[in-house]
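K.L.:
Let me give you the structure first, and then I'll get to my questions.
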Amino acid sequence: MSQTVKGVIARSKQQPVEVTDIVIPDPGPGEAVVKIQACGVCHTDLHYREGGINDEFPFLLGHEAAGVVESVGEGVTDVAPGDYVVLNWRAVCGQCRACKKGRPWYCFDTHNATQPMTLTDGTPLSPALGIGAFCEKTLVAAGQCTRVDERAEPAVAGLLGCGVMAGIGSAINTGDVQRGDSVAVIGLGGVGMAALMGAQLAGATTLIGVDIDDRKLARAKSFGATHTVDSSVADPVEAIRELTDGNGADVVIDAVGRPETFLQAFKARDLAGTAVLVGVPTPEMTVELPLLDVFGHGGATKSSWYGDCLPERDFPMLIDLHLQGRLDLGAFVTERITLDQVEDAFATMNGGDVLRSVVTF
């Protein structure tokens with residue numbers, strides 16, 4: 001029998017979000033209903049509201065979430081009612097050519113729930129990243145549920161569902177940071193700070209944070225930065241080279257996703273170093289590079305989707321490190337809010353004053 005719960009929707013482009021009644025169907029085959037305990041407010045949710053993802057309004061927002069499985073549909077064996085889970089938006093299929101090659105983090109056929117969640121008048125909702133977790137309960141594909149240690153606080157654990165995992169993974173998975181490496185991160189929002197934390201976890205010894213905001217540069221020290229560069233007053237490429245004996249960094253991570261920052265990352269890497277794009281560009285953005293520079297640098301230029309993570313491998317491992325005191329995921333939680341404060345959280349986000357506002361239930 002379906003349930004009616006409260007959730008936050010974006011009804012139309014660039015309009016304030018609203019709290020309204022959401023109808024959640026019983027889980028069908030391969031699906032699960034999850035009672036949400038906490039959900040982070042991510043820039044991606046704002047992009048949905050602004051029409052920057054697509055125009056499939058109305059959207060049920062929210063995707064960085066942790067909660068408890070309430071019920072499961074036919075054929076679900078990996079999770080059961082009562083399991084404490086972090087939700088993910090890359091439920092791998094196990095059958096596509098990437099999965100069969102042993103690289104499931106590149107899965108070409110990730111899946112979501114097949115049944116729609118709706119408004120009370122029957123209007124189907126588009127859940128953000130196939131999750132829709134600014135809601136008391138949500139319907140997802142069971143593969144989107146990753147069990148983790150229940151001792152981890154939901155407000156902290158849920159952040160692995162998107163931005164924090166993207167940042168950490170861009171360093172340890174995509175960038176393959178090694179012990180003793182030098183790493184520069186351009187853009188010190190939540191993803192960039194997580195990239196610094198991931199690089200430190202991997203054993204990097206020189207960690208350079210680059211931004212134009214003094215507050216973010218100061219905060220970066222607590223996330224592992226050994227040096228900071230204010231790129232509003234200094235050439236970041238030259239500054240990174242100066243801090244790495246004139247060579248450039250072994251790994252440079254662009255956590256902004258603009259043509260100028262990508263070019264900075266490419267030019268600031270060492271010969272045979274790695275440039276990683278984890279910031280998300282918009283469709284109209286283009287980059288022009290002399291092909292000889294690409295050839296002459298060697299190394300690698302990579303994009304990082306979701307930190308190239310495999311949720312069932314990475315989420316439990318990072319939660320365990322957090323519980324051991326080796327990974328301070330709690331540092332990302334700036335404030336805790338209620339569902340009716342999501343619109344205010346978007347405004348706060350744009351001001352650069354928070355890493356993450358987290359809706360708690």
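In UniProt numbering, the protein residues as written are 1 to 361. All C-beta atoms, glycine included, are put in the ideal place defined by N, C-alpha and C. Treat the numbers as computed from the prediction; the structure is a model and nothing was measured.
Helix, strand or coil for Pro25 per DSSP?
P.N.:
Reduced to three states, the DSSP call for Pro25 is coil.
K.L.:
So, Leu207 versus Val233, is the Cβ gap smaller than 8 Å?
P.N.:
No, these two residues do not count as a Cβ contact at 8 Å.
K.L.:
Select from Pro283, Ser303, Glu260 and Val34 the residue whose C-alpha is nearest the C-alpha of Val72.
P.N.:
Of the candidates Pro283, Ser303, Glu260 and Val34, the one whose C-alpha sits nearest the C-alpha of Val72 is Val34.
K.L.:
Does the beta-carbon distance from Ser170 to Val287 come in below 8 Å?
P.N.:
No, Cβ-Cβ distance for Ser170 and Val287 is not below 8 Å.
K.L.:
Over the uninterrupted alpha helix (DSSP H) stretch that includes Arg336, give me the two end residues.
P.N.:
Arg336 -> not in any alpha helix (DSSP H); beta strand (DSSP E) instead, spanning Val333 to Ile337.
K.L.:
When the Cα atoms are used, what is the spatial distance from Ala265 to Asp254?
P.N.:
Approximately 6 Å between the Cα atoms of the pair.
K.L.:
Determine the extent of the alpha helix (DSSP H) in which Asn294 is found, giving its start and end residues.
P.N.:
Residue identity differs from the one stated: residue 294 is Val in this sequence, not Asn. Taken as a continuous stretch (DSSP letters only), the alpha helix (DSSP H) holding Val294 covers Leu291 to His297.
K.L.:
Kindly list the residues whose CB is nearer than 7 Å to the CB of Leu152, restricted to its own chain and excluding five residues on each side of it in sequence; keep chain order.
P.N.:
It should be pointed out that residue 152 corresponds to Ala in this sequence rather than to Leu. So the list reads Ile319, His322 and Leu323, once near-sequence residues are dropped.
K.L.:
So, Asn173 versus Asp328, is the Cβ gap smaller than 8 Å?
P.N.:
Not a contact, by the Cβ cut-off of 8 Å.
K.L.:
Tell me, please, which residues DSSP counts as bridged to residue 363.
P.N.:
A query on residue 363 cannot be resolved here, the shown segment of the chain reaching from 1 to 361 and no further.
K.L.:
On a Cα-Cα basis, can you pick out the residue from Ala38, Leu292 and Glu284 that is closest to Gly52?
P.N.:
Among Ala38, Leu292 and Glu284, the Cα nearest to that of Gly52 belongs to Glu284.
K.L.:
Kindly indicate which three-state DSSP category Glu56 falls into: helix, strand or coil?
P.N.:
Coil.
K.L.:
When burial is assigned at 16 or more other CB atoms within 10 Å of the CB, is Leu87 buried or exposed?
P.N.:
Answer is buried; the Cβ neighbour count reaches 16.
K.L.:
For Cys93, which residues in the same chain have their Cβ closer than 7 Å to its Cβ, ignoring the five residues on either side in sequence?
P.N.:
Taken in chain order, the residues that qualify are Cys99, Cys107, Asp109, Thr110 and His111.
K.L.:
Which residue wins for smallest C-alpha separation from Thr120, given the options Val19, Phe361, Trp89 and Gln341?
P.N.:
Taking only the C-alpha atoms, the option nearest Thr120 is Val19.
K.L.:
Could you tell me whether the segment 143-161 touches the segment 234-253, where touching means 3 or more Cβ pairs closer than 8 Å?
P.N.:
Result no; under three Cβ-Cβ pairs closer than 8 Å.
K.L.:
Pull up the CB-CB distance for Thr4 and Asp21, whole angstroms please, since I reckon it's below 8 Å.
P.N.:
With 8 Å as the limit, Thr4 and Asp21 qualify as a contact, their Cβ atoms being about 5 Å apart.
K.L.:
Taking all protein chains shown into account, decide if Gly291 is buried (16 or more other Cβ within 10 angstroms of its Cβ) or exposed.
P.N.:
Contrary to the premise, residue 291 reads as Leu rather than Gly in this sequence. Result: exposed.
K.L.:
Taking 8 Å as the threshold (C-beta atoms), are Gly7 and Leu46 in contact?
P.N.:
Against a cut-off of 8 Å, the Cβ pair of Gly7 and Leu46 comes out as no contact.
K.L.:
Hey, is the segment 199-214 in contact with the segment 224-233, meaning 3+ C-beta pairs nearer than 8 Å?
P.N.:
Contact holds: three or more Cβ-Cβ distances are below 8 Å.
K.L.:
Measuring straight from C-alpha to C-alpha, what distance separates Arg147 and Arg258?
P.N.:
Rounded to whole angstroms, Arg147 to Arg258 spans 35 Å at the Cα level.
K.L.:
If you scan the segment 222-255 from start to end, which runs of the beta strand (DSSP E) of 3 or more residues do you find wholly inside it?
P.N.:
You should have 227-230 and 249-254.
K.L.:
I need the straight-line Cα distance from Phe346 to Gly192, nearest angstrom please.
P.N.:
Those two C-alpha atoms are separated by around 19 Å.
K.L.:
To which residues does DSSP link Tyr106 through a beta bridge?
P.N.:
Its beta-bridge partners do not exist; DSSP assigns none.
K.L.:
How many whole angstroms separate the CB atoms of Gly248 and Asp270, which I take to be in contact at a CB cut-off of 8 Å?
P.N.:
Yes, they are in contact, since the Cβ atoms of Gly248 and Asp270 sit about 4 Å apart, within 8 Å.
K.L.:
Taking only the alpha-carbon atoms, compute the straight-line gap between Val140 and Glu74 and give it to the nearest angstrom.
P.N.:
Each residue's Cα considered, the two are about 13 Å apart.
K.L.:
If we call anything under 8 Å between Cβ atoms a contact, is Gly187 one with Val252?
P.N.:
Cβ atoms of Gly187 and Val252: not closer than 8 Å.
K.L.:
Rank Met349, Gly175, Pro104 and Glu150 by C-alpha distance to the C-alpha of Gly299 and give the top, closest one.
P.N.:
Per the Cα distances, Gly175.
K.L.:
Among the candidates Asp293, Thr301 and Gly102, whose CA atom is the shortest distance from the CA of Asp250?
P.N.:
Taking only the C-alpha atoms, the option nearest Asp250 is Thr301.
K.L.:
Whose CA, out of Asp55, Gln115 and Ala195, lies closest to the CA of Thr138?
P.N.:
Looking at the Cα atoms, Gln115 is the closest of the given residues.
K.L.:
From the DSSP output, read off the bridge partner residues of Tyr48.
P.N.:
Paired residues: none, contrary to the question.
K.L.:
In terms of residue numbering, what span does the alpha helix (DSSP H) encompassing Gln200 cover?
P.N.:
Gly190 to Ala202 is the span of the alpha helix (DSSP H), which, as asked, contains Gln200.
K.L.:
Check whether the Cβ of Thr174 lies closer than 8 Å to any Cβ atom in chain B.
P.N.:
Looking at the structure shown, chain B is missing, and only one protein chain is on hand.
K.L.:
Looking only at its own chain, which residues have a Cβ that is under 8 Å from the Cβ of Ala202, when we skip the five neighbours before and after it?
P.N.:
If we look at Ala202 and ignore the five residues flanking it on each side, its Cβ neighbours are Ala171, Ile172, Val177, Gln178, Arg179 and Asp181.
K.L.:
For the alpha helix (DSSP H) holding Asp149, just list the boundary residues, first then last.
P.N.:
Segment: none, Asp149 is in no alpha helix (DSSP H) and carries neither H nor E.
K.L.:
I need the DSSP call for Thr360, collapsed to helix, strand or coil.
P.N.:
Three-state result, Thr360: strand.
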